[in-house]
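Heads up, the thing below is written out as C-alpha cells.
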C-alpha cells in the first residue's frame, strides 16, 4: 500500500543544515494498522507532511500502490492533532469536507455522513457546531471526517495528544473498536507506547534528531483486543523494551 | 421573553439618549439662549415635521448616492482584496503604497477635481468619492481575514488535496467573513459622511446642499435636522449590515 524508501529531509537553520529525517524506510500494507513512535519533536509530523505532499524530501521516494507520489498531495486521508474542524460548519458538514474536496455532490456526501454518524452513535450531534462539543467529541468528528474520505490510507497525527488522560483512554477504546470492525489502512503517529501497542499490528520506533528507524516490532496480540491486554506479561515486556529503546536513542 | 431581552439590550442606551435630550431641552429653556445659537430639541423636531417633504427629498438623494457608493466601494474593495490575495507578493507590495496613497489625500482636496472633470450635476463625482472612502476599510479587513487563516486548517486542506480555489472558497473566504463584516460596518458609516461631503462641495440636491443653505441663512434648527437624518441613516446602515452578518456568519464565529 504505502512505501517510504530512504527518505532524507534537511532544514536550513541559519547557516547550518539540520537533518531531521535520516534514511527512513517503512511500509504499510493494505488493511494494516501501523504506528510510528518516537520522542516529541523528532520529526514525525515532518514525515506526514512529506507523505501528504506538502513538502518534498531531499532524497528518497514515496510510493502508494506502486505509484510514485513523492511531492503530490491529495492521496491520503488525514487527521491532525489539533482541532481543525471548521467552526462555521456543523458536525455533518465538517464530516463531508474531504468528500466535497474530492468532488462528490453535497447531498450524496451528506447522506454518507449521516449514515456514519448514526453507526457511530453520534447522530444527535449532526446539526451542532463544533464549539458546542467536548474535546473528545470533536476528535471523534475529525476521525469520522478522515474515515469517510475517499482515500484508502488514513494518516493520524497524534490524534489524542491534546486530550486529558481519561478521555484519551476512552478514545483509544473507541478507535480500536471501530478499526477492528472496518479495517482501514492506518498510519498512526503517537508518543504513547501503550497506545501504540494496544492499537497496532506493527510499530516503528524512531530515534531523536535526526530521526531514523531504530527498530520495527510486530505486535503479536490477537484481535479483537481490549484494554485487559495492558496487564498481560507480554504486553508489559514489549512496553519495557520499547521504552528502553526510546531512552537510549 | 424575546421582548424582555430586546428591552434589556436597547433600554440603557435609550434612557441615556432621552436623558440627554431632556437636559438639553431644559437647559435651553432655563438659560434663554438664542435659538439661532442652539435650538431646543422640540424646535428641531417641529422643523423636521414642518418641512419633512423637502428634507426627505434631500435625504433620499443622499441615501441614493450613499447606498450606490457603498455597494460599489465594498465590491471594489472585496475584488481588490481577492486579487491581491491571489497575486504574487511583489505585485501586492507594488499595489499597497498606491492604495495607502488614496487614503492619505484628503477628500476635500480631490473632490473638486472630480467635480471639474464630471460636472456637479453628474452623480459620478459623488459616487467616486464615496467609493474612495468605502473600499479601503473593506479591502484591509478582507486582506487581514484571508491572511489570518488558521495554519493547521490550511495544512489540513492542502494535505487532503484541496486546489487553490477550493482552499479559498471553503476555508479562507468563510474564515474572513467576520473580518469582512467589521470592515463593511465601518464602510457603511463612512458612506453617509462621504455622500454629505461630496454634496457640500457641489451638487444640486442632497443633505450636503441642504446644510449649506441652512448655514448661510443661520437656520441652526435645519442643521440639526440634517444631523438627525444623517445619524438615523448611519444607524440603519449599521443595523442592516449587522443583520446580514447574523445571516451569513455561523457557528462560534458569530459574535453575540
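Chains as they are written, first to last, in my numbering: chain F, 32 to 280; chain X, 110 to 365.
Beta carbons are placed, not taken as given, at the ideal position from N, Cα and C, and that holds for glycine.
Model, not experiment: these values are computed from the prediction.
Below 9 Å on C-beta distance, what does residue 317(X) contact in chain F? Residues of chain F with a Cβ closer than 9 Å to the Cβ of residue 317(X) do not exist, since the nearest Cβ in that chain sits about 40 Å away.
Comparing alpha-carbon positions, which option in 327(X), 238(X), 357(X), 314(X) lies nearest residue 211(X)? 238(X)
Might you give, ordered along the chain, the residues of its own chain that have their beta carbon closer than 6 Å to the beta carbon of residue 281(X), omitting 5 neighbours on each side? Hits under 6 Å: 255, 258.
Among 278(X), 249(X), 291(X), which has the Cα closest to the Cα of residue 368(X)? No answer is possible for residue 368(X): it lies beyond the span of chain X, which begins at 110 and ends at 365.
Would you mind reading off the limits of the alpha helix (DSSP H) that contains residue 131(X)? Looking at the DSSP string, the run of the alpha helix (DSSP H) that includes residue 131(X) is 111-140.
Do residue 117(F) and residue 186(F) have their C-beta atoms within less than 8 Å of each other? Contact flag unset, no.
Could you give the residue range of the beta strand (DSSP E) that holds residue 43(F)? 33-44
Do we get a CB-CB distance below 8 Å when we pair residue 126(F) with the residues of chain X? For residue 126(F), the answer is no, since every Cβ of chain X falls outside 8 Å of its Cβ.
Hey, does residue 365(X) have any beta-carbon neighbour from chain F nearer than 8 Å? In this predicted model, residue 365(X) has a pLDDT of only 44, less than 50, meaning its place in the structure is not dependable; the value taken from the coordinates is given anyway. For residue 365(X), not one C-beta of chain F is nearer than 8 Å to its own C-beta.
Once the 5 residues before and after residue 198(F) are set aside, which same chain residues still bring their CB inside 6 Å of it? 167
Nearest-angstrom Cβ-Cβ length linking residue 250(F) and residue 224(F), presumed shorter than 8 Å: With a Cβ gap of about 11 Å, residue 250(F) and residue 224(F) do not count as contacting.
Under a three-way DSSP split, which group does residue 61(F) fall into? Taken through DSSP and simplified to helix, strand or coil, residue 61(F) comes out as coil.
Can you list, in chain order, the stretches of the alpha helix (DSSP H) that have 4 or more residues and sit fully within the segment 240-289 of chain X? 260-268
Tell me the start and end of each unbroken alpha helix (DSSP H) in the segment 286-341 of chain X that is at least 4 residues and wholly inside, in chain order. 316-325
Pull up the distance between the alpha-carbon of residue 177(X) and that of residue 213(F), whole angstroms please. 58 Å
Tell me, please, whether the CB atom of residue 117(F) is closer than 8 Å to any CB atom in chain X? yes
Is residue 48(F) helix, strand or coil when you go by DSSP? Residue state, collapsed to three classes: strand.
Beta strand (DSSP E) containing residue 156(F): first to last residue? Run containing residue 156(F): none; DSSP gives neither H nor E here.
How about residue 39(F) and residue 52(F): do their beta carbons lie closer than 8 Å? yes
Who does residue 235(F) pair with in a DSSP beta bridge? 67(F), 247(F)
Using only CA atoms, which one of 158(F), 134(F), 154(F) lies nearest to residue 182(F)? 134(F)
By how many angstroms is the C-alpha of residue 313(X) removed from the C-alpha of residue 94(X)? Since the displayed chain X opens at 110 and closes at 365, residue 94(X) lies outside it and no answer follows.
Those runs of the beta strand (DSSP E) which lie wholly inside the segment 75-135 of chain F and span at least 3 residues: Listed in chain order, the complete beta strand (DSSP E) runs (minimum 3 residues) inside the segment 75-135 of chain F are 90-95, 108-110.
Who pairs with residue 185(F) in a beta bridge, going by DSSP? 108(F), 217(F)
Quick one: what does DSSP say residue 55(F) is sitting in, helix, strand or coil? strand
Roughly how many angstroms separate the alpha carbons of residue 275(F) and residue 266(F), rounded to a whole number? If I take the Cα positions, the gap works out to 14 Å.
Cutoff 8 Å; reference residue 63(F); Cβ partners in own chain excluding five residues on either side: 32, 216, 217, 232, 233
List the residues of chain F whose Cβ lies closer than 8 Å to the Cβ of residue 129(X), in chain order. Near residue 129(X) there are no residues of chain F at all, since even the closest Cβ is about 39 Å away, more than 8 Å.
Less than 8 Å between the C-beta atoms of residue 107(F) and residue 82(F), yes or no? yes
Return helix, strand or coil for residue 193(F), following the three-state DSSP convention. coil
Closest Cβ-Cβ distance between residue 129(F) and chain X: below 8 Å? yes
From residue 91(F) to residue 267(X), what does the alpha carbon distance come to, in whole angstroms? 21 Å
Can you tell me whether residue 350(X) is buried or exposed, with buried defined as 16 or more other CB within 10 angstroms of its CB? So residue 350(X) ends up on the buried side.
Whole angstroms is fine: what's the gap from residue 191(F)'s alpha carbon to residue 109(F)'s? 14 Å
Those residues which DSSP pairs with residue 242(F) across a bridge: 52(F)
Comparing alpha-carbon positions, which option in 87(F), 97(F), 112(F) lies nearest residue 104(F)? 87(F)
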